[in-house]
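Asks:
2 protein chains.
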Amino acid sequence: MSIKIITVSRQFGSGGRSIAKKVADELGFNYYDKEIIDHVSVETGFCKDYIAERGEHAPGRTIFSYGLDPMGVPNVMNGMSAADYLWSIQRQVILKIAEEDTPCVIVGRCADYILGEHEGVLNVFVHADMEFRKDRIVRLYGESEKNPEKRLNDKDKKRKTNYMYYTNQEWGNATNYDICLDTSRLGVDKCAEIICNIVKNS
Amino acid sequence: MSIKIITVSRQFGSGGRSIAKKVADELGFNYYDKEIIDHVSVETGFCKDYIAERGEHAPGRTIFSYGLDPMGVPNVMNGMSAADYLWSIQRQVILKIAEEDTPCVIVGRCADYILGEHEGVLNVFVHADMEFRKDRIVRLYGESEKNPEKRLNDKDKKRKTNYMYYTNQEWGNATNYDICLDTSRLGVDKCAEIICNIVKNS
Numbered sequence: 497m498s499i500k501i502i503t504v505s506r507q508f509g510s511g512g513r514s515i516a517k518k519v520a521d522e523l524g525f526n527y528y529d530k531e532i533i534d535h536v537s538v539e540t541g542f543c544k545d546y547i548a549e550r551g552e553h554a555p556g557r558t559i560f561s562y563g564l565d566p567m568g569v570p571n572v573m574n575g576m577s578a579a580d581y582l583w584s585i586q587r588q589v590i591l592k593i594a595e596e597d598t599p600c601v602i603v604g605r606c607a608d609y610i611l612g613e614h615e616g617v618l619n620v621f622v623h624a625d626m627e628f629r630k631d632r633i634v635r636l637y638g639e640s641e642k643n644p645e646k647r648l649n650d651k652d653k654k655r656k657t658n659y660m661y662y663t664n665q666e667w668g669n670a671t672n673y674d675i676c677l678d679t680s681r682l683g684v685d686k687c688a689e690i691i692c693n694i695v696k697n698s
Numbered sequence: 497m498s499i500k501i502i503t504v505s506r507q508f509g510s511g512g513r514s515i516a517k518k519v520a521d522e523l524g525f526n527y528y529d530k531e532i533i534d535h536v537s538v539e540t541g542f543c544k545d546y547i548a549e550r551g552e553h554a555p556g557r558t559i560f561s562y563g564l565d566p567m568g569v570p571n572v573m574n575g576m577s578a579a580d581y582l583w584s585i586q587r588q589v590i591l592k593i594a595e596e597d598t599p600c601v602i603v604g605r606c607a608d609y610i611l612g613e614h615e616g617v618l619n620v621f622v623h624a625d626m627e628f629r630k631d632r633i634v635r636l637y638g639e640s641e642k643n644p645e646k647r648l649n650d651k652d653k654k655r656k657t658n659y660m661y662y663t664n665q666e667w668g669n670a671t672n673y674d675i676c677l678d679t680s681r682l683g684v685d686k687c688a689e690i691i692c693n694i695v696k697n698s
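From first to last, the protein sequence lines are chains A and B. Going by the working numbering, the first residue of the first sequence is number 497, and it counts up by one from there. Going by the working numbering, the first residue of the second sequence is number 497, and it counts up by one from there.
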């Protein structure tokens, strides 16, 4: 197995993005996180905030699903709901990145599932305990100190629902990933080192 | 974190036991797998086959639960069902091993949950894809070549149910473990190396 693509799925606040960046820097791989949002924005015309907010969150079959959603974006695109349309474009962008055959790290957006049949992919899931994540989102991400646990639980729930909706798999179930790491136990640097070591020896 | 105890939970046929043995040998840690069965047998008087069969499997609230079970063992011990009694003794044996403060590797038996509050524990979950596991149980464990997939699914289901029943947690959910590894992707030797490296640097 020669690993050319690393997908990093992560719990909010676990440091998964930092690990992904460190690994990309160390290995000299391209790094795709917000960069995917830029691509999707060009393809769809959706504003970046909308994609960032909705790209990893549950589509939700609400009264807004086929009308005008609360962010003012029309909810029907090419006969699909806006959420499904966004998913299909995100999926195309990720497949295109993979086809470019340039080594890269991709953060989130169900890339592990989308590239499931692709050769040379390492799927990583990063998680951490609640205290570690609470501290991290308040101290590093500048989130409010008021009830960060609720914010984390909300985010987890949205990512979990989104993942289940589009992949029919359980987000965070170990069997979906090649390696899962707890940053609150192992540390961000150590996790990055473990991943780099696997890729270098692949 | 100075790791003195490694618990290895594993899917049947994933090579988790081989990894645990390799890690114990490499680090010079004691190794507890069938050895736990010996301890439990002494404590309970249950025969080893019964403990091996029931120690990681769902208790099952069947008509046998409080009578005489199909293996001929009375099902009520100290007011508990035989399965619950077996669990409580297994739990005590594992806690006693941990209190001895001698570095060790413990395979299965919900040791990750039982030692949840214990310092210096690394919880590992090992899994692999169906093809890898089918090949392994037929070639290495001598299981029948007739429908090994059913055998694997049955085993998974039993371990999953047992884990949920006694821990109220989901078996194989990444957040229960410090590290989860796919042997069919990374290889048994690499997984052992990753674990040894974490422990040596802890």
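For each residue, glycine too, the CB sits at the ideal point set by N, CA and C.
Is A:H623 closer than 8 Å to A:G683 when the C-beta atoms are compared?
Replies: Result no, Cβ atoms of A:G683 and A:H623 do not sit closer than 8 Å.
Asks: Look up A:S561 in the DSSP assignment and say whether it is helix, strand or coil.
Replies: Reliability of the predicted coordinates at A:S561 is poor, the pLDDT of 47 falling under 50, and the value obtained from them is presented with this limitation in mind. Coil at A:S561, not helix or strand.
Asks: Any contact between the region 598 to 606 of chain B and the region 498 to 507 of chain B? By contact I mean 3 or more CB pairs, one from each, below 8 Å.
Replies: Short answer: they touch.
Asks: Please list the partners that A:F621 has in chain B, where partner means a Cβ-to-Cβ separation under 8 Å.
Replies: Result: A670, C676.
Asks: Would you kindly report the start and end of the unbroken alpha helix (DSSP H) that includes A:Y460?
Replies: No statement about residue 460 of chain A is possible, as the shown extent of chain A runs from 497 to 698 and does not include it.
Asks: Skipping 5 residues on each side, what residues in its chain have a beta carbon closer than 7 Å to that of A:G616?
Replies: M497, S498, I499, K500, I501, listed in sequence order.
Asks: What first and last residue would you give for the alpha helix (DSSP H) that runs through A:T598?
Replies: Here A:T598 belongs to no alpha helix (DSSP H), and DSSP marks it neither H nor E.
Asks: May I ask you to report which of helix, strand or coil DSSP gives A:L611?
Replies: Looking at A:L611 - three-state DSSP - the assignment turns out to be coil, as it is neither helix nor strand.
Asks: Take B:H535 and list the residues in its own chain whose beta-carbon comes closer than 6 Å to its own, dropping the five residues that flank it on each side.
Replies: Result list for B:H535: V589, in chain order.
Asks: From B:I593, B:A578, B:D521, B:N672, pick the residue whose C-alpha is nearest to that of B:C543; which is it?
Replies: Per the Cα distances, B:A578.
Asks: Taking A:M660 and A:E645 to be in contact with their CB atoms under 8 Å, please state how far apart those CB atoms are, rounded to whole angstroms.
Replies: Actually they do not touch by this definition, with Cβ atoms about 22 Å apart.
Asks: So who's on the other strand from B:C676, going by DSSP bridges?
Replies: DSSP lists A:C676, B:F621 as partners of B:C676.
Asks: In this structure, how does DSSP classify B:R632 when only helix, strand and coil are distinguished?
Replies: B:R632: helix per DSSP, three-state reduction.
Asks: As a quick exercise: from B:T540, B:K686, B:I675, pick the residue whose alpha carbon is nearest that of A:K686.
Replies: The residue with the shortest Cα to Cα distance from A:K686 is B:I675.
Asks: Is there at least one Cβ from chain A nearer than 8 Å to B:I694's Cβ?
Replies: Chain A, which has a Cβ nearer than 8 Å to the Cβ of B:I694, makes this yes.
Asks: What span of residues does the beta strand (DSSP E) with B:I502 cover, start to end?
Replies: First-last of the beta strand (DSSP E) with B:I502: 501 to 506.
Asks: Pull up the distance between the alpha-carbon of A:L611 and that of A:I593, whole angstroms please.
Replies: Taking the straight line from one Cα to the other gives about 10 Å.
Asks: Name, in chain order, the residues that DSSP records as bridge partners for A:M626.
Replies: Per DSSP, none; premise fails for A:M626.
Asks: Please report the straight-line C-alpha distance between B:L523 and B:I690, rounded to a whole angstrom.
Replies: If I take the Cα positions, the gap works out to 12 Å.
Asks: Are there 16 or more other CB atoms within 10 angstroms of the CB of B:L618, so buried, or fewer, so exposed?
Replies: B:L618 comes out buried.
Asks: Quick check: the Cα distance between B:S680 and A:K654, rounded to an integer number of angstroms?
Replies: Cα to Cα, B:S680 sits roughly 30 Å from A:K654.
Asks: Determine the contact status of B:A688 and B:I515, defining contact as a CB-CB distance below 8 Å.
Replies: Against a cut-off of 8 Å, the Cβ pair of B:I515 and B:A688 comes out as a contact.
Asks: May I ask you to list the residues that DSSP assigns as paired with B:V603?
Replies: Per DSSP, B:V504.
Asks: Buried or exposed for A:D678, please, with buried defined as at least 16 other CB atoms from any protein chain shown within 10 angstroms of its CB.
Replies: By the 10 Å Cβ count, A:D678 comes out buried.
Asks: If you follow the beta strand (DSSP E) that A:N526 is in, where does it begin and where does it stop?
Replies: First-last of the beta strand (DSSP E) with A:N526: 526 to 528.
Asks: Does DSSP put A:S640 in a helix, in a strand, or in coil?
Replies: Coil, per DSSP.
Asks: Taking any Cβ of chain B, which residues in the region 573 to 603 of chain A have a Cβ under 7 Å from it, in chain order?
Replies: Taking 7 Å as the Cβ-Cβ cut-off against chain B, none of the residues of the region 573 to 603 of chain A qualify.
Asks: Exposed or buried, what is B:N697 when buried is set at 16 or more other beta-carbons lying within 10 Å of its beta-carbon?
Replies: Counting Cβ neighbours within 10 Å, B:N697 comes out exposed, since fewer than 16 surround it.
Asks: Is it buried or exposed for B:R506, if we count other Cβ within 10 angstroms and need 16 for buried?
Replies: Flag for B:R506 reads buried.
Asks: Thinking just about the alpha-carbon of each residue, which of B:K518, B:V519, B:Y673, B:G509 is nearest to the one in B:V620?
Replies: Minimum Cα distance to B:V620 is reached at B:Y673.
Asks: Is there a Cβ from chain B that is less than 8 Å from the Cβ of A:R681?
Replies: A:R681 counts as touching chain B.
Asks: Please name the residue or residues paired with B:N669 in a DSSP beta bridge.
Replies: In DSSP, B:N669 forms a bridge with A:N669.
Asks: Do you know whose CA, among A:N526, A:W583, A:R513, A:K518, lies nearest A:Y546's CA?
Replies: Ranking A:N526, A:W583, A:R513, A:K518 by Cα distance to A:Y546 puts A:W583 first.
Asks: Could you give the residue range of the alpha helix (DSSP H) that holds A:S514?
Replies: Segment 512 to 523, the alpha helix (DSSP H) holding A:S514.
Asks: Measuring CB to CB, does B:P585 end up less than 8 Å from B:E539?
Replies: First, the residue type needs correcting, since residue 585 of chain B is Ile and not Pro in the sequence shown. In contact: B:I585 and B:E539 (Cβ atoms closer than 8 Å).
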